[in-house]
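Undergrad: From first to last, the protein sequence lines are chains F and E. For the first sequence, counting from 1, position 296 maps to 379 in our numbering; every step adds exactly one. For the second sequence, counting from 1, position 100 maps to 183 in our numbering; every step adds exactly one. No residue lacks a Cβ here, since even glycine has one placed at the ideal position from N, Cα and C. Just dropping this structure here.
Number of protein chains: 2
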Amino acid sequence: MDYQKPFEKAEFDRRVKDVKNRMSDAGIDLLICQDPANMNWLTGFDGWSFYVPQAVLVHADEVAPLWFGRPQDAKAARITTDLPEENIQTFSETRVHHLTEHPFDDLAAFILSRGWGSSRIAVELDAHYYTARAHAHMVKGLPNARFSDSQQLVNWARLIKSDAELVYMREAGQLMTEVMNRAVAKVAPGVREYEVIAEVYQSQVMGLEGKYGDYTSICPLIQVGEGTSTPHLTWSDKPLPDDTLISIELGAARRHYHAPLTRTLYLGSPPKDVLRLADAIVEGTAAALEVARPGATCEEVEAAWQKVLNRHGYKKESRSGYSIGVNYPPDWGERTASLRPGDETVLQAGMCFHFQSGVWLEQIGAAISEPFVVGEKGGEHLCDVRRELIVIH
Amino acid sequence: MDYQKPFEKAEFDRRVKDVKNRMSDAGIDLLICQDPANMNWLTGFDGWSFYVPQAVLVHADEVAPLWFGRPQDAKAARITTDLPEENIQTFSETRVHHLTEHPFDDLAAFILSRGWGSSRIAVELDAHYYTARAHAHMVKGLPNARFSDSQQLVNWARLIKSDAELVYMREAGQLMTEVMNRAVAKVAPGVREYEVIAEVYQSQVMGLEGKYGDYTSICPLIQVGEGTSTPHLTWSDKPLPDDTLISIELGAARRHYHAPLTRTLYLGSPPKDVLRLADAIVEGTAAALEVARPGATCEEVEAAWQKVLNRHGYKKESRSGYSIGVNYPPDWGERTASLRPGDETVLQAGMCFHFQSGVWLEQIGAAISEPFVVGEKGGEHLCDVRRELIVIH
Numbered sequence: 084m085d086y087q088k089p090f091e092k093a094e095f096d097r098r099v100k101d102v103k104n105r106m107s108d109a110g111i112d113l114l115i116c117q118d119p120a121n122m123n124w125l126t127g128f129d130g131w132s133f134y135v136p137q138a139v140l141v142h143a144d145e146v147a148p149l150w151f152g153r154p155q156d157a158k159a160a161r162i163t164t165d166l167p168e169e170n171i172q173t174f175s176e177t178r179v180h181h182l183t184e185h186p187f188d189d190l191a192a193f194i195l196s197r198g199w200g201s202s203r204i205a206v207e208l209d210a211h212y213y214t215a216r217a218h219a220h221m222v223k224g225l226p227n228a229r230f231s232d233s234q235q236l237v238n239w240a241r242l243i244k245s246d247a248e249l250v251y252m253r254e255a256g257q258l259m260t261e262v263m264n265r266a267v268a269k270v271a272p273g274v275r276e277y278e279v280i281a282e283v284y285q286s287q288v289m290g291l292e293g294k295y296g297d298y299t300s301i302c303p304l305i306q307v308g309e310g311t312s313t314p315h316l317t318w319s320d321k322p323l324p325d326d327t328l329i330s331i332e333l334g335a336a337r338r339h340y341h342a343p344l345t346r347t348l349y350l351g352s353p354p355k356d357v358l359r360l361a362d363a364i365v366e367g368t369a370a371a372l373e374v375a376r377p378g379a380t381c382e383e384v385e386a387a388w389q390k391v392l393n394r395h396g397y398k399k400e401s402r403s404g405y406s407i408g409v410n411y412p413p414d415w416g417e418r419t420a421s422l423r424p425g426d427e428t429v430l431q432a433g434m435c436f437h438f439q440s441g442v443w444l445e446q447i448g449a450a451i452s453e454p455f456v457v458g459e460k461g462g463e464h465l466c467d468v469r470r471e472l473i474v475i476h
Numbered sequence: 084m085d086y087q088k089p090f091e092k093a094e095f096d097r098r099v100k101d102v103k104n105r106m107s108d109a110g111i112d113l114l115i116c117q118d119p120a121n122m123n124w125l126t127g128f129d130g131w132s133f134y135v136p137q138a139v140l141v142h143a144d145e146v147a148p149l150w151f152g153r154p155q156d157a158k159a160a161r162i163t164t165d166l167p168e169e170n171i172q173t174f175s176e177t178r179v180h181h182l183t184e185h186p187f188d189d190l191a192a193f194i195l196s197r198g199w200g201s202s203r204i205a206v207e208l209d210a211h212y213y214t215a216r217a218h219a220h221m222v223k224g225l226p227n228a229r230f231s232d233s234q235q236l237v238n239w240a241r242l243i244k245s246d247a248e249l250v251y252m253r254e255a256g257q258l259m260t261e262v263m264n265r266a267v268a269k270v271a272p273g274v275r276e277y278e279v280i281a282e283v284y285q286s287q288v289m290g291l292e293g294k295y296g297d298y299t300s301i302c303p304l305i306q307v308g309e310g311t312s313t314p315h316l317t318w319s320d321k322p323l324p325d326d327t328l329i330s331i332e333l334g335a336a337r338r339h340y341h342a343p344l345t346r347t348l349y350l351g352s353p354p355k356d357v358l359r360l361a362d363a364i365v366e367g368t369a370a371a372l373e374v375a376r377p378g379a380t381c382e383e384v385e386a387a388w389q390k391v392l393n394r395h396g397y398k399k400e401s402r403s404g405y406s407i408g409v410n411y412p413p414d415w416g417e418r419t420a421s422l423r424p425g426d427e428t429v430l431q432a433g434m435c436f437h438f439q440s441g442v443w444l445e446q447i448g449a450a451i452s453e454p455f456v457v458g459e460k461g462g463e464h465l466c467d468v469r470r471e472l473i474v475i476h
């Protein structure tokens with residue numbers, strides 16, 4: 084079938100080689116990845132099938148990874164990856180949502196059949212879809228294996244983006260700029276929350292200059308008034324009031340590479356406490372991105388931001404950012420480096436972060452965030468939406 | 084804050100009481116639910132925060148459930164639920180995406196502090212976001228607890244919908260009809276796949292007659308040509324060809340209650356093999372829904388369908404349907420009753436299913452599905468989109 088793969092085969096080969104080197108260093112024979120982003124990054128596999136157990140396996144002695152999943156999704160593996168036919172393996176359909184059987188009974192049997200039953204096997208113990216029950220069935224089915232947690236081995240391998248990946252990240256950033264500008268243009272008193280969100284979805288998918296957008300790992304988020312004091316509420320049918328604070332957090336995705344962005348708006352004349360908070364956030368974000376060069380650590384970036392915040396009389400308890408790249412629901416964060424105290428990860432060119440400068444106080448909150456690429460001149464903005472409290476009169 | 088809860092408090096009270104009765108029968112003192120749909124169904128809690136560990140706890144001796152989650156999401160619990168303030172508990176922010184610490188270290192500590200450390204604790208071992216690592220931290224933190232798998236206790240309690248829930252299911256069905264009709268109207272040669280999907284998202288959220296739609300648990304799916312032989316591919320920028328088969332699977336959601344629907348379209352003059360397959364599917368679906376009355380079993384519904392299929396020379400290996408209701412990504416199925424051989428669940432009025440009549444052959448596939456409510460006259464259609472291969476010339 085005529086399917087446009089997001090990358091050349093050489094890019095996937097390079098990734099697999101890198102992962103095998105990391106496996107060797109960590110003493111891992113067989114790596115089992117259930118994180119959909121890791122499955123995609125290693126093979127190109129793409130499809131909304133992650134609600135059933137599935138995995139990509141990397142074995143030290145195998146040239147190519149193996150895909151394991153539901154029979155009806157095997158064709159999607161054939162279409163979206165370059166894997167050889169014999170590397171596409173399926174489980175028995177009857178095991179789906181079954182009280183005693185589990186698809187990974189078949190995965191364990193397959194691993195045994197390949198003579199890997201006594202291997203050192205790393206699983207993604209904290210991947211969203213790798214459930215406690217999935218792991219129990221693996222352990223039971225492979226009594227002689229030595230299991231360990233991969234500790235996000237592939238997620239860490241994804242940290243520095245290749246030039247080919249940065250093309251998608253920048254396209255996602257450009258699309259994100261368009262999406263946010265369209266959302267802002269839609270905001271007015273009396274407009275219902277869902278009308279803003281419908282506009283967002285439409286523009287997320289329509290893309291920019293013929294480059295369409297994928298679904299994003301987090302749905303569009305909008306908070307109004309007191310709702311701005313918590314970040315993850317979704318839309319309702321309430322009309323936007325005359326005089327109110329609004330926070331919007333959105334994403335845009337190109338081939339599943341994400342640029343997220345938040346902006347805070349005021350409908351009417353903003354009170355002083357909101358302006359003060361927004362000013363501190365904008366200044367703090369600029370200070371953080373100035374520091375975000377190769378050689379700096381994640382905690383140093385956070386410290387630069389926190390210092391500005393503190394000077395203005397605020398503080399932020401939660402982390403102020405996280406690594407971003409290719410991802411699938413429910414999260415666009417990579418679950419690796421975080422911009423927070425104690426994270427000594429050293430920045431390198433090509434790493435991408437979402438500087439999430441949200442500050443949520445007791446009654447109000449504001450966020451004016453920036454996704455960026457680490458570069459020699461500091462954090463390179465992926466988006467270009469005005470960096471201020473957006474006031475709409 | 085002025086937040087419109089989806090149900091009266093009495094509805095939630097009734098649910099909690101039902102769950103406590105089931106816990107008593109199963110010998111469970113404390114039930115820990117991480118499935119976002121279960122958390123919502125028990126308390127009303129709503130927000131896209133399920134990418135971090137969080138849970139709703141039901142204890143046999145407590146009047147109300149407890150919410151446990153991230154500090155910045157506690158306000159969302161205050162806004163969207165009726166839980167008393169002391170029942171909203173948070174973990175330390177530093178534990179998010181941490182290599183050695185885990186939010187459920189704090190959950191275990193909280194359970195110990197309440198004197199529940201030696202309780203019979205049921206967890207949702209196979210809930211999508213209850214990871215193997217989450218469970219390991221629970222077991223380590225509560226060495227004297229007796230853990231068991233809840234075996235979807237709450238999911239099973241959700242099986243029969245209340246009258247109040249059926250209102251949302253029917254609204255979702257009406258919205259789904261509108262969304263599919265708009266998608267179909269958009270399909271034409273030369274139109275790009277993403278243009279159809281942008282229309283879908285827009286109509287999913289805009290809703291019908293002032294009743295907006297929520298995000299759906301599965302993104303809109305579109306397959307073209309040979310892609311119709313696998314069900315979970317997503318859109319691309321390819322223009323729809325002149326003479327081709329297209330499958331579209333969509334959902335619509337009201338307050339997170341889902342009606343999913345699939346339709347198969349042909350652009351041009353459909354070949355005989357496609358018409359034959361579509362006819363068998365339509366006839367088989369009607370036969371199945373005729374059987375779907377209180378007292379029939381899930382496997383009897385499947386058998387009625389399979390019998391028709393077989394007569395036409397087809398068979399379907401995978402299950403032909405599953406229970407639906409309130410849900411969150413990544414799946415709108417309830418992971419309980421399935422329409423398949425061996426499932427002896429007895430149908431009762433108010434159960435809702437998606438009859439997923441997709442048949443995926445080697446080179447083509449077709450699906451003309453129907454969400455329905457079990458009723459005295461058989462399956463009551465939630466949607467009203469023409470039940471046939473939709474031919475577009």
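Let me check one thing: in DSSP terms, what residues is alanine 375 of chain F bridge-paired to?
TA: In the DSSP output, where bridge partners are listed per residue, alanine 375 of chain F has none listed.
Undergrad: Taking the runs of the alpha helix (DSSP H) that are 4 residues or longer, which of them lie wholly in the region 91-154 of chain F?
TA: Here the runs fully enclosed are 92-109 and 119-126.
Undergrad: Does DSSP put tyrosine 251 of chain E in a helix, in a strand, or in coil?
TA: For tyrosine 251 of chain E, the secondary structure class from DSSP, reduced to helix, strand or coil, is helix.
Undergrad: From the DSSP secondary-structure annotation, give me the bridge partner or partners of phenylalanine 455 of chain F.
TA: F:Phe436 and F:His464
Undergrad: Rounded to a whole number of angstroms, what is the C-alpha to C-alpha distance between proline 167 of chain E and phenylalanine 151 of chain E?
TA: If I take the Cα positions, the gap works out to 13 Å.
Undergrad: Would DSSP call histidine 341 of chain F helix, strand or coil?
TA: Looking at histidine 341 of chain F - three-state DSSP - the assignment turns out to be strand.
Undergrad: Looking at the secondary structure, which residues open and close the beta strand (DSSP E) in which phenylalanine 230 of chain F lies?
TA: According to the DSSP assignment, phenylalanine 230 of chain F belongs to the beta strand (DSSP E) that extends over 229-232.
Undergrad: Three Cβ pairs or more, each shorter than 8 Å: is that satisfied between the region 202-214 of chain F and the region 207-226 of chain E?
TA: With a cut-off of 8 Å, the region 207-226 of chain E and the region 202-214 of chain F count as touching, because enough Cβ pairs lie within range.
Undergrad: Can you name the residues that DSSP bridges to leucine 323 of chain E?
TA: Per DSSP, none; premise fails for leucine 323 of chain E.
Undergrad: Using a Cβ-Cβ distance cut-off of 8 Å, determine whether isoleucine 305 of chain E contacts chain F.
TA: no
Undergrad: Excluding the 5 residues flanking aspartate 362 of chain F on each side, which residues of the same chain have their C-beta closer than 6 Å to its C-beta?
TA: none
Undergrad: Could you check what DSSP says for tryptophan 443 of chain F in three-state terms: helix, strand or coil?
TA: strand
Undergrad: Rounded to whole angstroms, what's the CA-CA distance from leucine 225 of chain E to alanine 191 of chain E? Just pull it up for me.
TA: 6 Å
Undergrad: State yes or no: is the beta carbon of cysteine 302 of chain E nearer than 8 Å to at least one beta carbon in chain F?
TA: yes
Undergrad: Output yes if chain E places a C-beta closer than 8 Å to the C-beta of serine 440 of chain F; else output no.
TA: no
Undergrad: Using C-beta distances below 6 Å, list every residue in its chain close to valine 456 of chain E, excluding the 5 sequence neighbours before and after it, in chain order.
TA: Cys435 and Glu463
Undergrad: Residue range of the beta strand (DSSP E) that serine 406 of chain F falls in?
TA: 404-407
Undergrad: If we call anything under 8 Å between Cβ atoms a contact, is asparagine 238 of chain E one with asparagine 121 of chain E?
TA: In this structure, asparagine 121 of chain E lies closer than 8 Å to asparagine 238 of chain E by Cβ.
Undergrad: Which residues mark the beginning and the end of the beta strand (DSSP E) in which alanine 205 of chain F is found?
TA: 203-206
Undergrad: Evaluate proline 186 of chain E with the Cβ neighbour count: other Cβ atoms within 10 Å of its Cβ, from every protein chain shown; 16 or more gives buried, anything less gives exposed.
TA: buried
Undergrad: Can you give me the C-alpha to C-alpha distance between glycine 351 of chain E and glutamate 278 of chain E, rounded to a whole angstrom?
TA: 20 Å
Undergrad: Should the region 284-303 of chain F be called in touch with the region 255-262 of chain F, which here means at least 3 C-beta pairs below 8 Å?
TA: yes
Undergrad: What does a CB cutoff of less than 6 Å around phenylalanine 174 of chain F pick up in its chain, not counting 5 residues either side in sequence?
TA: Its chain contains Pro186 and Asp189 as the residues whose beta carbon lies nearer than 6 Å to that of phenylalanine 174 of chain F, once the 5 sequence neighbours on both sides are disregarded; these appear in chain order.
Undergrad: Check each residue of the region 418-452 of chain F: if its Cβ is closer than 7 Å to any Cβ of chain E, include it; give the result in chain order.
TA: Residues of the region 418-452 of chain F with a C-beta atom less than 7 Å from some C-beta of chain E are Arg418, Ser421 and Trp443, listed in chain order.
Undergrad: Are the beta-carbon atoms of serine 202 of chain E and leucine 114 of chain E separated by less than 8 Å?
TA: no
Undergrad: Determine the chain E residues that contact methionine 84 of chain F at a beta-carbon separation under 8 Å, and present them in chain order.
TA: Gly308, Glu309 and Gly310
Undergrad: Could you work out which residue in E:Cys302, E:Glu276, E:His339 and E:Tyr284 is closest to glycine 308 of chain E when comparing CA atoms only?
TA: E:Glu276
Undergrad: If contact is defined by three or more beta carbon pairs under 8 Å, each pair taking one atom from either stretch, is the region 439-449 of chain E in contact with the region 322-340 of chain E?
TA: With a cut-off of 8 Å, the region 439-449 of chain E and the region 322-340 of chain E count as touching, because enough Cβ pairs lie within range.
Undergrad: Name the residue from F:His315, F:Gln117 and F:Gln235 whose alpha carbon lies nearest to the alpha carbon of alanine 420 of chain F.
TA: F:Gln235
Undergrad: Let's see if you can read the secondary structure: which residues bound the alpha helix (DSSP H) around alanine 49 of chain E?
TA: Residue 49 of chain E lies beyond the stretch modelled for chain E, which goes from 84 to 476, so this question has no answer here.
Undergrad: Using a Cβ cut-off of 7 Å, which residues of the region 366-398 of chain F contact any Cβ in chain E, in chain order?
TA: none
Undergrad: Is there a Cβ from chain F that is less than 8 Å from the Cβ of proline 354 of chain E?
TA: no
Undergrad: Quick check on glycine 290 of chain F - is its C-beta less than 8 Å from some C-beta in chain E?
TA: Output row for glycine 290 of chain F: interface = yes.
Undergrad: Spatial neighbours of proline 413 of chain F within its chain, please: CB distance less than 8 Å, with the 5 preceding and 5 following residues excluded, ordered by chain position.
TA: Closer than 8 Å at Cβ, skipping near neighbours: His211, Ser300 and Ile301.
Undergrad: Pull up the DSSP beta-bridge partners for glycine 334 of chain F, would you.
TA: F:Pro343
Undergrad: Once the 5 residues before and after arginine 418 of chain F are set aside, which same chain residues still bring their CB inside 7 Å of it?
TA: These residues qualify, in order along the chain: Gln235 and Asn238.
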